[in-house]
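S.K.:
Numbering (our numbering), first residue to last: 1 to 639.
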């Protein structure tokens with residue numbers, strides 16, 4: 001009994017006895033172990049046995065038991081049981097009847113085998129086979145096995161049959177001899193295929209071939225086949241295995257790739273020819289050419305290098321950054337703005353050569369693809385000489401336009417402002433000549449004063465006209481000397497004191513100890529006009545003042561200049577009116593505090609004289625706050 005128990009344990013199989021008359025059931029120790037039960041606490045009965053059957057299998061097992069009781073014939077069925085701990089085991093129960101001499105069944109004797117591990121291994125093998133079949137199907141991979149003993153195919157995979165568009169049975173029946181597969185091979189590959197297969201089967205020679213097959217549905221497929229012999233220990237061929245893969249799609253892709261590669265090679269060759277033509281054109285061009293990627297210089301031609309004072313295009317690309325070619329002092333986005341402004345249109349800009357010399361260029365740009373990436377092509381022509389000639393022409397044109405405007409103003413003054421006072425002089429002089437003997441003395445005095453004022457106005461106007469005409473004569477040079485500015489101011493305001501006193505306006509000269517380099521007569525005209533303007537637009541009890549101070553200057557022809565200010569406490573002017581004072585094309589003249597009229601010519605004259613001295617004339621004014629005119633003259637270096 002001990003050996004029987006040991007054998008049952010090793011085989012994981014126990015035996016049982018079921019008395020059909022009494023219903024008593026007896027289990028061996030191994031059956032108890034299979035169920036996870038102890039014989040000390042569990043007595044097997046039919047009902048208790050069913051309780052340990054898996055719930056999903058209890059119906060089928062109960063039906064089997066009823067059938068056994070009714071027919072009392074041999075049986076075998078599998079089922080799942082659930083051990084007390086919850087573990088599920090898979091078992092197979094087998095039994096046969098024990099009969100009396102008369103043939104009546106009195107009991108059932110059988111065995112119970114735990115096949116859980118075997119079932120798991122079987123499922124694993126099945127899963128692996130399914131995975132292999134799936135992999136073979138996905139890879140269009142089939143195979144056949146030839147038996148040397150039987151001299152025929154012993155196996156054909158489903159996928160191989162599918163490749164030939166047959167069932168495995170039809171394939172194996174039609175091609176029992178692998179050499180007959182050559183009948184499905186395209187005529188151009190048939191002899192090559194048959195020779196390799198015959199040598200493999202006869203000599204055990206491995207092979208690897210590609211060929212085309214024609215299926216029974218006239219489908220053409222490209223196939224790759226690898227044949228491998230299997231030898232026994234003595235080196236004798238026992239089987240020959242061939243793996244067959246449908247590579248039709250792969251071959252088509254390869255053909256497409258080959259065609260694409262040929263097209264690419266052709267395009268590359270055409271591109272090289274085009275590039276060579278482009279380089280010949282670019283290198284022979286008299287125009288400078290730059291290719292930029294961002295601000296980086298990726299290409300330049302010889303003309304561009306020469307333009308920048310370099311000997312070779314490589315020296316231009318070595319500069320790396322296009323911004324290095326721009327004049328110093330610009331902001332970090334100057335180059336970017338320049339390039340944006342020449343997309344599809346011509347623009348003019350300054351560049352800096354390697355010697356830091358400025359040159360002017362006309363440039364046009366466009367976006368291109370360069371060596372497989374986006375870039376910016378700039379075509380450049382140097383126009384330095386033309387630029388300076390055009391600028392000089394613009395300046396001359398502006399000067400001529402200014403002279404024309406001044407000429408028009410002069411004729412306007414002569415036609416209107418000079419004629420008006422003369423008419424007054426002639427009118428009042430005629431009245432005096434005709435009616436003086438009969439006029440009251442006070443009326444005679446009034447007319448005489450009016451004649452005097454008109455004559456004075458005409459005189460001042462003629463002085464300014466003569467001075468202006470003298471200034472406009474470009475061949476007349478200034479007679480500059482070192483002059484005492486205080487004496488010049490005193491001499492300028494002397495003839496104006498009577499006019500100021502009559503109007504009740506105070507004139508103050510605060511200039512002292514300052515000498516300037518100037519044409520004394522011209523500067524007198526400037527100061528006289530500015531003081532006269534101050535008197536004209538200042539009310540009684542007002543003030544006109546002349547002041548001066550030394551001002552240091554850097555980077556000019558003189559180390560110091562003198563700033564002269566002629567200010568008044570008069571009515572002032574609006575910013576809009578002040579902005580047009582020196583605009584030749586606009587009439588900027590207003591009535592004085594006593595109705596005095598002006599032409600505006602005096603200020604143009606002052607501006608031109610100061611400009612001839614290298615200075616500038618500015619105005620600072622506001623309504624009700626008076627006016628201050630400022631201009632500069634070179635200081636005497638000796639002072």
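Beta carbons are placed, not taken as given, at the ideal position from N, Cα and C, and that holds for glycine. In this text the structure is predicted, and so the values were computed from the model without any measurement.
1) Can you give the Cα-Cα distance for residue 206 and residue 161, rounded to whole angstroms?
2) Report all residues from its chain with a CB closer than 6 Å to the CB of residue 632; omit the five preceding and five following residues, and keep chain order.
3) For residue 361, count the other beta carbons within 10 Å of its own beta carbon; 16 or more makes it buried, fewer makes it exposed. Which is it?
4) Straight-line CA distance for residue 417 to residue 498?
5) Can you look up residue 634 in the DSSP assignment and give me helix, strand or coil?
6) Looking only at its chain, what residues have a beta carbon closer than 7 Å to the beta carbon of residue 155, apart from the 5 residues adjacent to it on each side?
7) Does the region 508-523 come into contact with the region 566-574, if we say contact requires no fewer than three beta-carbon pairs (one atom in each stretch) closer than 8 Å?
8) When the distance is taken between beta carbons, is residue 546 closer than 9 Å to residue 489?
9) Which of the three DSSP states, helix, strand or coil, is assigned to residue 595?
10) So, with DSSP's three-state summary, where would you put residue 17?
11) Verify whether the separation of the beta carbon atoms of residue 525 and residue 463 is less than 9 Å.
12) Near residue 629, which residues of its chain fall below 6 Å by C-beta distance, leaving aside the five closest residues on each side in sequence?
13) Identify the continuous alpha helix (DSSP H) that holds residue 245 and give its terminal residues.
14) Do residue 328 and residue 353 have their C-beta atoms closer together than 9 Å?
15) For residue 519 and residue 294, what's the separation of their Cα atoms in angstroms?
16) Pull up the DSSP beta-bridge partners for residue 221, would you.
17) Is residue 533 helix, strand or coil by DSSP?
18) Which same chain residues end up closer than 6 Å to residue 450 when comparing Cβ atoms and leaving out the 5 residues on each side of it in sequence?
19) Identify whether residue 622 lies in helix, strand or coil by the three-state DSSP scheme.
20) Taking a contact to mean a Cβ-Cβ separation below 9 Å, would you say residue 20 touches residue 107 in this structure?
21) Please report the straight-line C-alpha distance between residue 287 and residue 307, rounded to a whole angstrom.
22) Could you have a look at residue 577 and say whether DSSP puts it in helix, strand or coil?
23) Measuring CB to CB, does residue 224 end up less than 9 Å from residue 245?
24) Is it true that the region 269-288 meets the region 169-178, where meeting means three or more beta-carbon pairs spaced less than 8 Å apart?
25) For residue 229, list the residues DSSP reports as bridge partners.
26) Below 9 Å between beta carbons: does that hold for residue 613 and residue 481?
27) Express the C-alpha separation of residue 117 and residue 78 in angstroms, rounding to a whole number.
28) Starting from residue 509, trace the beta strand (DSSP E) both ways and give me its first and last residue.
29) Give the secondary structure of residue 311 by DSSP, where H, G and I count as helix, E and B as strand, and everything else as coil.
30) If we ignore side chains and look at the alpha-carbon of each, how far apart do residue 243 and residue 123 end up?
31) Would residue 574 count as contacting chain D if we go by Cβ distances under 9 Å?
32) Can you check the region 17-51 for any alpha helix (DSSP H) of at least 4 residues that lies completely inside it and give the ranges in chain order?
33) Roughly how many angstroms lie between the CA atoms of residue 359 and residue 403, to the nearest whole one?
34) Taking buried to mean at least 16 other C-beta atoms within 10 Å of its own C-beta, is residue 23 buried or exposed?
35) Which runs of the beta strand (DSSP E), 3 residues or longer, sit entirely within the region 93-122?
36) Helix, strand or coil: how does DSSP classify residue 475 here?
M.R.: The structure says:
1) 22 Å
2) 561, 563, 615
3) buried
4) With a pLDDT of 49 at residue 417, under the threshold of 50, the modelled position of that residue is not reliable, and the figure given next carries that caveat. C-alpha separation (whole angstroms): 24 Å.
5) strand
6) 144, 145
7) No, they do not touch.
8) yes
9) A caution first: residue 595 carries a pLDDT of 49, below 50, which makes its placement in the model unreliable, though a value can still be read off. Looking at residue 595 - three-state DSSP - the assignment turns out to be coil, as it is neither helix nor strand.
10) strand
11) Going by C-beta atoms, residue 525 is nearer than 9 Å to residue 463.
12) Within the same chain, Cβ atoms closer than 6 Å to the Cβ of residue 629 are found at 530, 566, 619, the five residues on either side in sequence being excluded.
13) Here residue 245 belongs to no alpha helix (DSSP H); instead the beta strand (DSSP E) covers 237-246.
14) no
15) 57 Å
16) 213
17) helix
18) Answer for residue 450: 428, listed in chain order.
19) In this structure, DSSP gives residue 622 a state outside helix and strand, which the three-state scheme calls coil.
20) yes
21) So the alpha carbons of these two residues sit roughly 9 Å apart.
22) helix
23) One thing to note: residue 224 has its Cβ within 9 Å of the Cβ of residue 245.
24) Not touching, per the Cβ criterion.
25) 240
26) no
27) 14 Å
28) 506-509
29) The answer is coil: DSSP assigns residue 311 none of H, G, I, E or B.
30) 26 Å
31) In summary, chain D is missing from the structure at hand, where a single protein chain is found.
32) 29-35, 46-51
33) 32 Å
34) exposed
35) 105-114
36) Only weak support exists for where residue 475 lies, its pLDDT of 47 falling under 50; the value from the coordinates is given anyway. Per DSSP, reduced to three states, the secondary structure at residue 475 is coil, with no helix or strand assignment.
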